[in-house]
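>
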Amino acid sequence: MKPVASFCLSVVAAACALYSAVLPAAQNVTPRQAAAVAASSAPGGAAALPLAPAPDAAAAPGGAGAPGLAQTSTVHVPFSALGAYLPLNLRGLEDARTVNVGVRLDHIVTGARLRLRYTYSPALVFPISHIKVSVNNEVVATVPFAADHAGQMVTQDIPLDPRFFTDYNQFDLRLIAHYTLDHCEDPNSSALWADISPTSEFILDTAPIRLPNDLALLPAPFFDRRDVSRLRLPFVMSAAPDNATLKSASVLASWFGALADYRQARFPVMSTLPADDEAIVVGTVADLQQLHLPANLQLPPVNGPTLIVADNPASAGRKLLVVTGRTGAEVDDAAYALVLGKAAMSGASAQVSHVDIGVPRKPYDAPRWLPVDRPVAFRELVDNPNQLQVSGSSPDAIRLNLRVPADLYSWNGAGVPLNLRYRYTAPTVANNSALAVQINEQLVKSYRLQPAGAEESQGRLQLPLLSGTGSRSTSALDIPAFRVGSSNQLQLRFNLDSQKTGLCAAVASNPAQAAVDPDSTIDFSNFVHYAQMPNLAYFANSGFPFTRYADLAQTAVVIADRPSPEELEAMLTMMGHMGQWTGFPALRVQVARPSEVPQLANRDLLVIGGASGAAVPDGWLRALPLSIGAADGITHASFSVKERWRNGAKLTDGSARLDESGPLAALLGFQLPGSPGRSVVALAATDRHRLTDVLDMLEKADLVAQVQGDVTLVRHDEVESMRVGDPYLVGYVPWYARIWSKAIRHPVLLGVLGTLAGLLLAIGAFTALQELAARRRGI
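Per mature numbering (1 follows the signal peptide of the UniProt record, and there is no 0), the sequence shown runs over residues -25 to -1, 1 to 754.
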């Protein structure tokens, strides 16, 4: 009996240990998570949490998840993935920085630690200097400094209680620093510093929980805004989807791309259910029957546009979102209802009775673009006015993101008016306190902050046109040595200098505050829409010209008659980019095949093809700036005309045309044959598998910055841009602007014309005065 008793005791002890491991996290489950656990009854599992770019392959020992689900997994979330791309610089007697981390709705934290990598000043008084760590405004740890490691990179793991973790969590890292035991310290002394490395990371042990099949949770778990990693969401469609199915999938992909935003999104396409992921199943009832879905996937009857959330039979714990209907039009309606959020949906399925997608969008009214027809107040650029306030002697810059249309043109050479109003803690005497205004980290103007008693500061300044064209001719678009794209950031950086006037004669530590008035404005309304095309930089940075209409009402996507999964992935991923750039789903995009191109003369075309000739009509081959084909089993890329310039450097007449072999991918831009002013952008490759190189390139800002001209060649992490075709113009410039833009290029002629105009005006005035005098004498 003793062995049996010992075995029973060991089982009880193990159960208690398991309960104590799970209980702390369970006590912190949000109401929706608690409801999800209560609603989960069917067994299933989830392999890992895609919360961070580098999940740990091995599950943490001793972890446990919900019944039937996978055990605890470990993920690493570096500070750089949370927006802290640069070191967090802590300065002064007391300074703090904040890092935010979220936890997916379908996971709970069972264990956590902060791996802090930091460096600190060797001139500190170490017994009283430290870093204070707070979670959601509650202090959880202090990190002491030691003389032995001063001035060196230190790595320290800080255990964190998982009960502190909620859906969103705010971590404050506050430096408490002293360089002397005397009471008089200079709060701006150069000895008071510590730097937190962006490689610092949160290491989280997470356990999956089963969510109910409830449409009210959408877009979770297919997209979770708490997750900062790249969205990877497979689409399941028939092997040969028709145009209607691809249209519905494009609308859904653009919506998920808009939700993912800075995270980026990829949409692999397959005809079977994924074994380790959530998925979107799109198609009519007949299409779903062709997919041969598992028999245990029980779907309700479909009598109209229908949305269904169901368990993925191929992956325990994962979900499927089924968008279906009896016809292609009904599938469209189901997709519209989802992306527009016009139906209050709950439960495992919902049938859409009616949906109205509204009137077509107007040009240049994308939600993520600044209005360019009026001044824009700063309050429209932030979520909370508190984002326009800072404190401390050297605070972080106030940052305002500015996305504008790529084709803005300054016909009179004027800049962007910035009407700036600000407030600050005035220094008692004149010093070096200043406000620096920067655009994309480049200084525009610096204001000296006046001491107390001076008139409240406010200023007005001119920023250079962001499109880079200015008053120069269209040739300026050919050699953008350094390009500021349509996605920009305005930085307002306050530096509130020390007010110390002598030994122990200083103000209290960090009392200074500064704020920019929300009524400050920036105005792009003085510019016209006019650009020289093709310019792939416009496309790579903002999707122009397709995103000129946020709903892509003037865009058609051309894809081969029998597209490969890689080509379909490229198509849906590009639709995701369109949603990311505009913040709006592609409700009115059109999908077409090469034979239908002649009917698309009034649209801009996005062509997706593994090879440049796979998805284009035969009549286009002469218009293509780059020809990609195969001969004798070897792929070749050659230009149809000689290069004008490469990577911004002009080439002399007679330069040899490119003829290369080997794998490569390319972006091509040219004017639609027979349709002046209409643009074509094509994704081409020597092999359909190389299309992913273009998709990878569009996710890397440093490579996107190298995209120019009408041909961009991509070889893994190498980008080469050039111009080989003829330019064309889009947009409109008023007649008076045309005259002025030509006149300012000839200052001597302009002076002569000005003199003649002055003489004519003087003669006219003199004549009018003579007639007036004659009338008076006659009276």
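Yeah, the Cβ is synthetic: ideal placement off N, Cα and C, and Gly gets one too.
Hey, A525 and T548 are a contact pair by Cβ (cut 8 Å); roughly how many whole angstroms apart?
That pair is no contact at about 19 Å.
> Can you check DSSP and say which residues form a bridge with L413?
For the sequence presented, residue 413 should be read as Gln rather than Leu. Partner(s): L418, Q466.
> Just the Cα atoms here: how many angstroms apart are A743 and F559?
Roughly 60 Å between the two C-alpha positions.
> Assuming contact is defined by CB atoms lying nearer than 9 Å, are Y93 and M128 in contact in what I supplied?
Yes; because the gap between Cβ atoms is below 9 Å, this pair is in contact.
> Under three-state DSSP, which class holds P42?
Low per-residue confidence applies at P42: pLDDT is 40, beneath 50, and the placement is therefore not dependable, though the value from the model is reported in the following sentence. P42 falls in the coil class under three-state DSSP.
> Buried or exposed: which applies to A121, given that a residue is buried once 16 or more other Cβ atoms fall within 10 Å of its Cβ?
Exposed is the call here.
> In the structure shown, what three-state DSSP assignment does S55 receive?
S55 falls in the helix class under three-state DSSP.
> When the distance is taken between beta carbons, is E542 closer than 9 Å to residue 790?
The question about residue 790 has no answer here: the residues shown for the chain are numbered -25 through 754.
> Do you know how far the Cα of S172 is from the Cα of S368?
Using only the alpha carbons, I get a separation of about 22 Å.
> If you compare alpha carbons, which of V357, F140, A191, L263 is closest to G322?
That would be A191, whose Cα lies nearest to the Cα of G322.
> Could you tell me the boundaries of the alpha helix (DSSP H) in which W168 lies?
Careful: W168 lies outside any alpha helix (DSSP H), inside the beta strand (DSSP E) at 168 to 171.
> Out of S229, D286, D132, which one is the CA nearest neighbour of P196?
Out of S229, D286, D132, D286 has the C-alpha closest to the C-alpha of P196.
> Could you name the residues of the same chain whose beta carbon sits closer than 7 Å to that of S432, not counting the 5 residues immediately before and after it, in chain order?
Since pLDDT at S432 reaches only 45, below the 50 mark, its modelled position is unreliable, and the value read off the structure follows with that caveat. So the qualifying residues of the chain are Y397, Y422, L424, Q425.
> Can you find the residues in the same chain that come closer than 6 Å, C-beta to C-beta, to A528, ignoring five residues on each side of it along the sequence?
Closer than 6 Å at Cβ, skipping near neighbours: P335, R563.
> Are there 16 or more other CB atoms within 10 angstroms of the CB of R349, so buried, or fewer, so exposed?
When all chains shown are included, R349 counts as exposed.
> Can you tell me the Cα-Cα spacing of S385 and F502, whole angstroms?
Each residue's Cα considered, the two are about 5 Å apart.
> Compute the Euclidean distance between the alpha carbons of E176 and R90, then round it to the nearest angstrom.
Answer to the nearest angstrom: the Cα atoms are 5 Å apart.
> Measuring alpha carbon to alpha carbon, tell me which residue in A506, T130, S461, G739 is nearest S654.
Residue A506 is the option with its Cα nearest to S654.
> List the whole-angstrom C-beta distance separating L266 from V211, where the pair is believed to meet the contact cut-off of C-beta under 8 Å.
About 7 Å separates the two Cβ atoms, so the contact holds.
> Quick check: what's the CA-CA separation for V306 versus M508?
The alpha-carbon atoms of V306 and M508 are separated by roughly 36 Å.
> In whole angstroms, what separates the C-alpha of G584 from that of V226?
Distance between the alpha carbons of G584 and V226: 20 Å.
> Provide the residue span of the alpha helix (DSSP H) that contains M553, from first to last.
Taken as a continuous stretch (DSSP letters only), the alpha helix (DSSP H) holding M553 covers 540 to 557.
> Give the DSSP bridge partners of K107, in chain order.
Partner(s): T117, R149.
> State the DSSP-derived secondary structure class of D536, mapped to helix, strand or coil.
Coil, per DSSP.
> For the putative contact between L234 and P194, defined by C-beta atoms under 8 Å, what is the C-beta separation to the nearest angstrom?
Yes, L234 and P194 are in contact; Cβ-Cβ is about 6 Å, under 8 Å.
> Which runs of the beta strand (DSSP E) at least 3 residues long sit entirely within the region 261 to 288? Give them in chain order.
Correct list: 281 to 286.
> Considering only residues of the same chain and omitting the five flanking positions on each side of A737, which have a CB-CB separation below 7 Å?
Cβ within range, chain order: n/a, list empty.
> Among I497, N407, S328, whose alpha-carbon lies nearest the alpha-carbon of R354?
Taking only the C-alpha atoms, the option nearest R354 is I497.
> Roughly how many angstroms separate the alpha carbons of A487 and T49, rounded to a whole number?
Roughly 42 Å separates the two Cα atoms.
> Using the Cβ count rule (16 or more neighbours within 10 Å means buried), how would you classify I103?
I103 should be labelled exposed.
> Is it right to say R750 is buried, meaning 16 or more other beta carbons lie within 10 angstroms of its own, or is it exposed?
So R750 ends up on the exposed side.
> Does DSSP put L471 in a helix, in a strand, or in coil?
In this structure, L471 counts as coil in the three-state DSSP scheme.
> If you count every other CB in all the chains shown that lies within 10 Å of the CB of S328, and 16 or more means buried, which is it?
Per the 10 Å Cβ criterion, exposed.
> Identify, in the order they occur along the chain, each residue of the same chain with its Cβ nearer than 6 Å to the Cβ of A657, setting aside the five sequence neighbours on each side.
Within the same chain, A657 has close Cβ partners V582, L643.
> Which of helix, strand or coil does DSSP assign to P183?
It is a strand residue.
> For F198, which option in Y339, P569, P702, D81 has the closest C-alpha, if you only look at C-alpha atoms?
Checking every option, the nearest Cα to that of F198 belongs to D81.
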